[in-house]
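*Asks:* Sharing a structure below in C-alpha cells format, with a few things to ask.
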Amino acid sequence: MMDVLIYGLINGVILALIASGFSLCYSVSRLANFAHGALYILAGLTAWTILQPLHLSYPLAFLGSLVLTALIGLAVYEFMVIRIRGMEASEIILTFALSLVIIELLRYLGFVGPRFTLPAIATGKLDVLGVPVDYHRIAIIAVGAALTASLWLFTHHTKAGLALRAIAQDDQVAMMLGIDSDLTAALGLSLGSALAALAALTVLPLGAITVESGYGALILAIAVAIIGGLGSVTGSFLAAMVLGYAIVLASKLIGPQYQMVVSLAAIVIILIIRPSGLLGKQKELEERV
Amino acid sequence: MPKKVMYAIIAIVVIAVAVGLGYYLTLPRAPPPKKYIVLGAPLSTAYLYGFSAEKGLRLAVEEINEAGGVKVGGETYYFKLEVMDTRDLEPGVPVSEALMVVEKLITEKGADILIGGPVRSEAALACMDLDAKYHIVHIYTTGTLTPKLHKRIAEEYDKYKWIFRITHEAAGLSKEAHEILSYLRDKYGFNKVYIMVQDVAHARAIGNILKKMLVEEGGWEVWGPDIYPTGATDYSTSLLKAKEVGAQILFIWMDHPETSILIRQWYELKIPALPVTGICSAMEQPGAWNATGGYVEYVIACPCNTGNAWSNYEPAMDFFRKHKERWGVEPEGYGAVSSYTAVYVLKDAIERAQWRPGDDPEKLVKALEETDYMGPYGRIRFDPKSHQVIQSYDPDEGAVTCWFQWLDGKRVQVWPPNPEVRLSDIQIPPWLKAAG
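Protein sequences appear in the order of chains L and V.
Note that the numbering used here has the first sequence beginning at 250, numbered continuously upward.
Note that the numbering used here has the second sequence beginning at 8, numbered continuously upward.
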C-alpha cells in the first residue's frame, strides 16, 4: 500500500496546486474566477511559446508566463470585474465568458492537438520507500510544500496578506481601517492568476498541453474549493488530499474506471455531512443568522 | 399629337431598344454558375482524428476540383466541403451536440453527402438514425471503430444502407493486435501482457476482445483491461502493477491526449515492457518525437491505415508526399489518408452512377457497394451487406492497416508483415531484451 500513500500524496498536491489560485481568489475577494482554467492553459502555452518558437531560456519562460498571467488577472479586475463587483452571478458569467474567449482564441491561433509540451524539471526516477517515483513528481511535492508555506507566511505576516484577509473577513470594516478594498481585491485576483500559472508550469510538464484541459482544470479547482469550504485555503488543501487519495485508492482497489465516481461520491458525502465543506463556515453562519 | 411626331418617337424608341438589346447581347457572357456537390463533414476539429481528417478531405477536394471536377452526364460538378465542429471527442460534451451539428449540415448547409465523422463511436452510432431519417449517404472516414456500426447496418440493411465505413474497425484491429503479440511471443518469448484502455466504446471493445482471444488461445498471462476515464492524469497504479507482475508488453488503447502522461510515466519509471499502443493520439503525431525529446522511441502505435506513416507502399507514399507538400507536415494520424481516399471513392461512385444532387440516393448506394478502387492504402471494396471496408494484409486484395514504431525520430511502418508495405521489422529496446 506504500504506492497508494505516495501517489495519493502526489495527486493531492497536484490538485492543491491547480486549485490554490481559485481558492485564494475566492477567499480574499469573494470572486469565483471561472477563467481560472483558461488562465492555467494560457500560462502553459505562453511558456511554450517563449521556449519553442522564440527559443528563449526556461527561467525567462517561467517568469514571463507568471508575470503575464498575473497582469492579465489584474487587468481582468481593473477593467471588467470592478464594474460588477458584488454581483456574484454576473461575476461568474463574466469570468466564464472570458474563459470561453481565451480558450477559443487559443484554438483559433492553432493551439490544437497534443503537440505542445513543457520540459520536466528533471528526468529519471527515485525509489521512495520501494516505490519508483519520477523526479518531476517529487519536485511537484516540493513546490506544493513551498507554496503552502509561502502562502501562509504571506497571508499571516505581510501587510498585503493581512489586508487580503481583512477584506475577506469584513470589507466595510477593512475600508474603515484604511485598506483600499479594490486595490486589495485586484491584488487577490492577480495573485490567484499567478498561482494558476505556477500550477501550469509545475503540472503541465507531466504530459502535453491541450487547450480543452482548461475546462478540466476549472472543474477540479471548483470541486476542491467546494469540498474544502469556499473561502478556506487550508480547507482546499485538505480537500485536495481527500480527492487525491480517493482517486488512487479507487484505482487500486476497485479499478481506474471508478476513480471519477469515487471522487464525486466523496464530494456528495462530504457536503451531506458538512454542507459548508471541510473547513467552511458559510452554511453554519447563515443558519445562525 | 401629329402622326409624324408620333411615328418619329416610336421609331426612336424601337431603335433605342434594338441598339440596347444589341449592345446587351454583345456583352461578354458571365460563365454559367458552377454546380456543386456539397460534402458535409462533421468532425471534432480540435482533436487529431478531426483535424487530420479535415486535411485529408480538403486535399482531395482541391485536387479533384483542380483536375476538372466530377463528370455527370456531360455536366461538371465540383465538390464543396462544409466542415463543422462536432466537439464529440471533448470530455463531457454530450452526443446530442454532435447530432445537432450533423442536422445543421444537412438542413442549413445543404449537404448532399456526409463524410468524415462524427468521430466518437457513441456519437456515430447515434447519428445512424439521422442518416436513416434523411436518407443521406454517409461515409465514415475517421474515429468510430466500434463493430456495432457495421453489424447494425447488416442487421437492418434497409434502414441503414446509406452508411459506409472506409476505415478499419475494432474487431479487425484486435485480430491484428493479437497477431503482433503472437509475433512478439514467438520471436522474443514475451507472453505477459498488461492491457490498459480508455473508458470509451471502441477502446473497451478492443481491450475485451483482445483479452478474450489471448485467454482462449492459452499460453498467455494477461492482466487488465484497466479502464481509465477520459482525461485521467495518473497511470501509476497500472504501471507499477505491470512492473510488479513482470509484464513484457503494455497494450494501450486510448485516444485522449493524456496518453502523453502515460507514456512519460512509462519512460520515467523505467517500466520494462514494450508499449504497443494501438490508437493513441499523443503518439501518432509526427511532432511527438520533438515534443517529448525522443522518449517515445520504440513505442508502437496504430494510425489505422497505411499512408499515415512512412511505409514501403508507393501509392501510400505518394499521398504522404502530397500531404506534406500541401500542409507542411506529414499525415498526422488516423483519419488523414482514409478521408482523402473517401473523396476519390465518392467521385468514382458518383460518375459510375451518374448521380446528381437531388437524385435517388439509392443509385449512389448501389454504386458505392460496387466500388473497386485502388487507393493509397490498397484496394477499396465494401462488404455488400455491412458496408464495412474489406481488410487485408495484401494491398491488391483489400484495405491495409498501419502499425508503426518510433525509430530514430521517424514513424516507421512495422506491421502488417507484408514487405510490400512495411519498412522495418519490429525493434525491441536493448533494456527489454535484458529484462526478457
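Every residue gets a Cβ at the ideal spot worked out from N, C-alpha and C, and that includes glycine.
Everything numeric in this text was worked out from a predicted model, so none of it was measured.
State the DSSP-derived secondary structure class of D420 of chain L, mapped to helix, strand or coil.
*Replies:* Helix, per DSSP.
*Asks:* In the DSSP output, what is G389 of chain V paired with across the bridge?
*Replies:* At residue 389 of chain V the sequence reads Phe, which differs from the Gly that was named. DSSP, once it has assigned bridges, lists V:V396 as partnering F389 of chain V.
*Asks:* Just to make sure I have the definition right: I need the residues of chain L whose C-beta is within less than 9 Å of the C-beta of Y235 of chain V. Which are they?
*Replies:* S500, P505, Q506 and Q508
*Asks:* Who pairs with T83 of chain V in a beta bridge, going by DSSP?
*Replies:* V:K78.
*Asks:* If we ignore side chains and look at the alpha-carbon of each, how far apart do K41 of chain V and L156 of chain V end up?
*Replies:* 36 Å
*Asks:* Can you list, in chain order, the residues of the segment 278-295 of chain V whose Cβ is nearer than 7 Å to any Cβ on chain L?
*Replies:* Taking 7 Å as the upper bound on Cβ-Cβ separation, chain L lies near residues S288, A289, Q292 and G294 of the segment 278-295 of chain V.
*Asks:* What would DSSP say about R172 of chain V, mapped onto helix, strand or coil?
*Replies:* strand
*Asks:* Provide the residue(s) that pair with H145 of chain V in DSSP beta bridges, ordered along the chain.
*Replies:* V:L121 and V:I170
*Asks:* Secondary structure at T295 of chain L, three-state DSSP: helix, strand or coil?
*Replies:* helix
*Asks:* Which residues, in chain order, does the segment 374-390 of chain L contribute to contact with chain A at a C-beta distance below 9 Å?
*Replies:* As a matter of chain content, chain A is missing from the structure shown, whose protein chains are L and V.
*Asks:* Using only CA atoms, which one of V:I202, V:V372 and V:Y380 lies nearest to K166 of chain V?
*Replies:* A check of alpha carbon separations from K166 of chain V across V:I202, V:V372 and V:Y380 identifies V:V372 as the nearest.
*Asks:* Nearest chain V C-beta to A369 of chain L closer than 9 Å, yes or no?
*Replies:* yes
*Asks:* Starting from P447 of chain V, trace the alpha helix (DSSP H) in both directions and tell me its first and last residue.
*Replies:* For residue 447 of chain V there is no data in the structure shown, the boundaries of chain V being 8 and 443.
*Asks:* Q506 of chain L and Y235 of chain V look like a contact to me (Cβ under 8 Å); what is the Cβ gap, rounded to whole Å?
*Replies:* 7 Å
*Asks:* Short of 7 Å Cβ to Cβ, which residues in the segment 206-234 of chain V face chain L?
*Replies:* D206, D233 and I234
*Asks:* Of all Cβ atoms in chain L, is any one closer than 9 Å to the Cβ of R127 of chain V?
*Replies:* no
*Asks:* In whole angstroms, what separates the C-alpha of V262 of chain L from that of R192 of chain V?
*Replies:* 41 Å
*Asks:* In angstroms, rounded to a whole number, what distance separates the CA positions of L347 of chain L and L455 of chain L?
*Replies:* 27 Å
*Asks:* Considering only residues of the same chain and omitting the five flanking positions on each side of S181 of chain V, which have a CB-CB separation below 7 Å?
*Replies:* I213, I216, L217 and M220
*Asks:* Is it true that the CB of V204 of chain V sits closer than 9 Å to the CB of G231 of chain V?
*Replies:* yes
*Asks:* Might you give, ordered along the chain, the residues of its own chain that have their beta carbon closer than 7 Å to the beta carbon of K11 of chain V, omitting 5 neighbours on each side?
*Replies:* none
*Asks:* The alpha helix (DSSP H) with A212 of chain V in it runs from where to where?
*Replies:* A208 to E224
*Asks:* Using a Cβ-Cβ cut-off of less than 8 Å, give me the residues of the segment 415-440 of chain V that come near chain L, in sequence order.
*Replies:* none
*Asks:* When you compare only the Cα positions, how much space is there between G342 of chain V and R279 of chain L?
*Replies:* 47 Å
*Asks:* State the Cα-Cα distance for the pair L247 of chain V and F328 of chain L, rounded to the nearest angstrom.
*Replies:* 50 Å
*Asks:* Which of the three DSSP states, helix, strand or coil, is assigned to E265 of chain V?
*Replies:* coil
*Asks:* What's the call for L257 of chain V, buried or exposed, on a 16-neighbour Cβ count within 10 Å?
*Replies:* buried
*Asks:* Flag A446 of chain L as yes if its beta-carbon sits less than 9 Å from any beta-carbon of chain V, otherwise no.
*Replies:* It does not; no Cβ of chain V falls within 9 Å.
*Asks:* V336 of chain V: which of V:K417, V:I113 and V:Y274 sits nearest, CA to CA?
*Replies:* If we check each option's Cα against that of V336 of chain V, V:K417 comes out closest.
*Asks:* Go through its chain and collect everything with a Cβ distance to D420 of chain L's Cβ below 6 Å, but skip five positions before and after it.
*Replies:* S430
*Asks:* Do E340 of chain L and V350 of chain L have their beta-carbon atoms positioned less than 9 Å apart in this structure?
*Replies:* no
*Asks:* Determine the burial state of W401 of chain L: buried for a count of at least 16 other Cβ atoms within 10 Å of its Cβ, exposed for fewer.
*Replies:* exposed
*Asks:* Please tell me whether T372 of chain L and H385 of chain L are closer than 9 Å, where the distance is taken between their beta carbons.
*Replies:* Cβ atoms of T372 of chain L and H385 of chain L: closer than 9 Å.
*Asks:* Which residue marks the beginning of the beta strand (DSSP E) containing T408 of chain V, and which one marks its end?
*Replies:* T408 to L414
*Asks:* I'd like the list of long-range same chain contacts for N260 of chain L, defined as Cβ closer than 8 Å, with 5 residues on each side in sequence excluded.
*Replies:* The beta carbon of N260 of chain L sits closer than 8 Å to those of L492, G493, Y494, I496 and V497, all from its chain and outside the five residues before and after it, given in chain order.
*Asks:* Beta-carbon of D366 of chain V versus every beta-carbon of chain L: anything under 9 Å?
*Replies:* no
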